[in-house]
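Below: the structure, in structure tokens.
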Amino acid sequence: MAVLAPLTLVGCFASHASDDVEGMGWIGPVGECDSAAAPYEAPRCEGPGRCVDVLFVMDNRASMQEEQVSLFEQIPYLTDALVSGDVDGDGAPDVPPVSDLHFGVVTADLGSGGTLVDGCLSPDFGDDGILGRGRTGRLVETCGLDIPPFLHWSAESAPGDFDAWQLDAACSLAVGIFGCPYEQPLDAALKALTESAAPPRFFRNTCGHADTRNAGFLRADSVLAVVILSDHDDCSVREPSFFVDAADRSEDPGLVCHEFEERLHNVRRHVTGFAALREDPRDLVFAPVVGLPTDAVPRLGAAPDFAAILGHPDMQVQPDPGDPTRLAPSCNTAGRGLTFPPRRYMEVAQGLGAAGASTPVASICQADLTAVVDAISVRL
């Protein structure tokens, strides 16, 4: 296991909106896409054993510093568990080990629909669901910026390379805290993983990047894991007019997203879009690490009871009686701060679980993220 250097924080850089009839596309005429120059054939896994592609979607708004650091510290534990199959650390495999691993990171920043909004530094497209974007705002002083867009490890890699690989993987997650506060993790993941010829479309009728900017990351026959780290609910915007009105608001973005919910994408778009990425739904793992109340988190290995989770008192979306400029929090963790009800993530997980995918939901509110890593490792 790689021993990561001490962290030095540096301050550098269930009712949803209507959607189109199939719940997939951006409303309006389809524009020109940055499509692959030639017909694209996704790469396939090489050699025997389990092959996994892991995409982390990182919320990089200002409130996420502590959470990014916590996940940074857990990456050696996670990757050791994946490649050894030893989840509980007793030296014996608990699950089949992964022999071929892709590791990629995108941020939740998709811009602000071309409108100048406070805190959105790149209003048109943000980091645009492109692998490796956002590292100019790194939080970890010891991390360099020369990490490739995604990382590859296999059982045939030189044994001595794994520690350096783990450090690069951890550093990939340190994306900084200067992202647009109107985070859109669900659409960012979908744009990162969808091929340009396939639906859905995104802002200004742009296409997915799986066969262009992110070509080579997602393999045709891998197990795909999408891990989202966020302290607010998803705010994937359907109508760019959302940002025109949001620009004049001073309240917490989570409250604004709730008030303008009819301008967000219906989560059916994301259930359909993620499910379409794998021929066999059992090869899809959707793992939101979000603001679940800790007493709503399923026990390790258990299937989530989404009716109970969504019915939990702290999962209800309503203004905070003590502060009308924000929503009532779903939890408040010392050293981490407030999180807010992640209903859209739970509804996507519920839909994907019903389709046969694995959905190990977890809470960012836990004192450390060891249990989160365990939940993901068991399902992979």
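All residue numbers for the sequence shown refer to the working numbering, where the first residue is 3 and numbers rise by one. Ideal Cβ positions, reconstructed from N, Cα and C, are used throughout, including at glycine.
Backbone CA spacing between residue i and residue j [nearest angstrom]
i: residue 17; j: residue 77; result: Residue placement at residue 17 is poorly supported in this model, since its pLDDT is 36, which falls under 50; the coordinates still yield a value, given next. Each residue's Cα considered, the two are about 36 Å apart.
i: residue 105; j: residue 341; result: 26 Å
i: residue 359; j: residue 126; result: 33 Å
i: residue 23; j: residue 275; result: A caution first: residue 23 carries a pLDDT of 33, below 50, which makes its placement in the model too unreliable to give a value.
i: residue 103; j: residue 161; result: 15 Å
i: residue 281; j: residue 221; result: 12 Å
i: residue 189; j: residue 302; result: 28 Å
i: residue 255; j: residue 93; result: 45 Å
i: residue 182; j: residue 90; result: 37 Å
i: residue 377; j: residue 84; result: 12 Å
i: residue 382; j: residue 171; result: 17 Å
i: residue 267; j: residue 98; result: 37 Å
i: residue 81; j: residue 380; result: 12 Å
i: residue 118; j: residue 262; result: 18 Å
i: residue 128; j: residue 292; result: 22 Å
i: residue 42; j: residue 286; result: 22 Å
i: residue 354; j: residue 191; result: 15 Å
i: residue 203; j: residue 209; result: 5 Å
i: residue 177; j: residue 68; result: 12 Å
i: residue 2; j: residue 44; result: Residue 2 cannot be examined here, being either before or after the span of the chain that is shown, 3 to 382.
i: residue 12; j: residue 217; result: Residue placement at residue 12 is poorly supported in this model, since its pLDDT is 37, which falls under 50; the coordinates are not used for a value here.
i: residue 325; j: residue 169; result: 41 Å
i: residue 348; j: residue 124; result: 29 Å
i: residue 270; j: residue 344; result: 16 Å
i: residue 56; j: residue 154; result: 10 Å
i: residue 75; j: residue 173; result: 10 Å
i: residue 238; j: residue 246; result: 15 Å
i: residue 150; j: residue 64; result: 25 Å
i: residue 200; j: residue 207; result: 12 Å
i: residue 71; j: residue 236; result: 21 Å
i: residue 323; j: residue 369; result: 26 Å
i: residue 33; j: residue 120; result: In this predicted model, residue 33 has a pLDDT of only 48, less than 50, meaning its place in the structure is not dependable; the value taken from the coordinates is given anyway. Near 28 Å, if we compare the C-alpha coordinates of residue 120 and residue 33.
Cβ distance (whole Å) where residue i is taken to contact residue j below 8 Å
i: residue 290; j: residue 351; result: 6 Å
i: residue 334; j: residue 179; result: Actually they are not in contact, since the Cβ atoms of residue 334 and residue 179 sit about 19 Å apart, beyond 8 Å.
i: residue 244; j: residue 136; result: With a Cβ gap of about 22 Å, residue 244 and residue 136 do not count as contacting.
i: residue 131; j: residue 211; result: 6 Å
i: residue 52; j: residue 225; result: 7 Å
i: residue 284; j: residue 265; result: So it is not a contact: roughly 34 Å between Cβ atoms.
i: residue 152; j: residue 219; result: 5 Å
i: residue 306; j: residue 300; result: 5 Å
Check whether residue i and residue j have beta carbons under 8 Å apart
i: residue 317; j: residue 298; result: yes
i: residue 371; j: residue 73; result: yes
i: residue 257; j: residue 331; result: no
i: residue 227; j: residue 54; result: yes
i: residue 277; j: residue 357; result: yes
i: residue 329; j: residue 260; result: yes
i: residue 367; j: residue 338; result: yes
i: residue 214; j: residue 288; result: no
i: residue 113; j: residue 122; result: yes
Cβ neighbours of residue i in the same chain (closer than 6 Å, five flanking residues each side left out)
i: residue 223; result: 46 and 47
i: residue 79; result: 375
i: residue 373; result: none
i: residue 363; result: 290, 306 and 351
i: residue 253; result: 327
i: residue 365; result: 294, 296 and 299
i: residue 336; result: none
Close-in-space but distant-in-sequence residues of the same chain around residue i (CB under 8 Å, 5 per side omitted)
i: residue 49; result: 101, 102, 156, 157 and 158
i: residue 242; result: 115, 116, 117 and 205
i: residue 279; result: 195, 196, 220, 226 and 286
i: residue 251; result: 258
i: residue 311; result: 294, 298, 317, 348 and 363
7 Å CB neighbourhood of residue i in its chain, flanking five on each side removed
i: residue 110; result: 59, 60, 61, 62, 181, 185, 186, 187, 190 and 232
i: residue 87; result: 95, 96, 97, 98 and 99
i: residue 66; result: 179 and 233
Would the segment 142 to 162 count as touching the segment 188 to 206 if we require 3 or more Cβ pairs under 8 Å? no
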